[in-house]
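Please read the structure below before turning to the comments.
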Amino acid sequence: MDAEETSRFVRLRVELVLEVTDDDELTKAALRRIATDPELPDTERAHAEGAVTEDTAEALAYLVDPFDLVSEVPGVELAQASWSSEHTEYDADSPEWDLGEDDEDDDEPADDADGRNER
Numbered sequence: 002m003d004a005e006e007t008s009r010f011v012r013l014r015v016e017l018v019l020e021v022t023d024d025d026e027l028t029k030a031a032l033r034r035i036a037t038d039p040e041l042p043d044t045e046r047a048h049a050e051g052a053v054t055e056d057t058a059e060a061l062a063y064l065v066d067p068f069d070l071v072s073e074v075p076g077v078e079l080a081q082a083s084w085s086s087e088h089t090e091y092d093a094d095s096p097e098w099d100l101g102e103d104d105e106d107d108d109e110p111a112d113d114a115d116g117r118n119e120r
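In terms of the working numbering, the numbers along the sequence shown are unbroken and rise by one, the last being 120.
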């Protein structure tokens with residue numbers, strides 16, 4: 002593909018597993034963010050406060066903003082973002098949580114961008 006055929010858009014997939022070590026601090030931080038959000042209508046503010054108070058995953062989702070992740074990256078502009086959070090059972094030793102699960106078998110050479118095998 003030459004430069005004219007290449008899309009200017011890139012999908013960046015990021016998956017994080019976070020351990021909540023202090024539920025109260027997380028909830029308080031989310032409530033502070035909600036209280037100082039000038040664009041949040043009062044009717045939505047009450048709903049958001051209830052959601053983050055009842056569920057730490059909601060509190061985390063309210064505090065993590067994809068724009069913050071890329072706002073300082075030169076030469077890019079965030080076109081669209083979506084994110085969610087949920088409670089999960091996590092076992093660092095389980096193969097289910099291997100971050101390379103989509104990778105090819107380690108014994109096989111990886112394909113480079115041209116589809117050729119790299120050794």
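The beta-carbon is built from N, C-alpha and C at its ideal position, and this holds for glycine as well.
*Buried or exposed for valine 65, please, with buried defined as at least 16 other CB atoms from any protein chain shown within 10 angstroms of its CB.*
By the neighbour-count criterion, in which a residue is buried when 16 or more other Cβ atoms sit within 10 angstroms of its Cβ, valine 65 is exposed.
*asked:* Given this structure, state the Cα-to-Cα distance separating leucine 1 from glutamate 90, to the nearest angstrom.
replied: Residue 1 cannot be examined here, being either before or after the span of the chain that is shown, 2 to 120.
*Check whether the Cβ atoms of leucine 27 and alanine 49 sit closer than 8 Å, and answer yes or no.*
No, these two residues do not count as a Cβ contact at 8 Å.
*Given a cut-off of 8 Å, decide if alanine 47 and phenylalanine 68 are closer than it, judged by their beta-carbon atoms.*
Inclusion of phenylalanine 68 and alanine 47 in the CB contact set at 8 Å is not warranted, their separation being larger than that value.
*Secondary structure at arginine 9, three-state DSSP: helix, strand or coil?*
Annotated three-state conformation of arginine 9 is coil, per DSSP.
*Can you tell me where the alpha helix (DSSP H) with aspartate 24 in it begins and where it stops?*
Element bounds for aspartate 24: 24-36.
*Spatial neighbours of histidine 88 in its chain, beta-carbon cut-off 6 Å, leaving aside the 5 residues before and after*: Cβ within range, chain order: Ala58.
*asked:* Only counting the same chain, and skipping five residues up and downstream in sequence, which positions put a Cβ closer than 8 Å to that of alanine 62?
replied: Closer than 8 Å at Cβ, skipping near neighbours: Trp84, Ser85, Ser86.
*Give me the Cα-Cα distance between threonine 22 and alanine 30, rounded to the nearest whole angstrom.*
Rounded to the nearest whole angstrom, the CA to CA distance from threonine 22 to alanine 30 is 14 Å.
*Give the range of the alpha helix (DSSP H) segment to which valine 71 is assigned.*
Where valine 71 is concerned, the enclosing alpha helix (DSSP H) stretches over 67-71.
*Between which two residues does the alpha helix (DSSP H) harbouring alanine 52 extend?*
Segment 43-55, the alpha helix (DSSP H) holding alanine 52.
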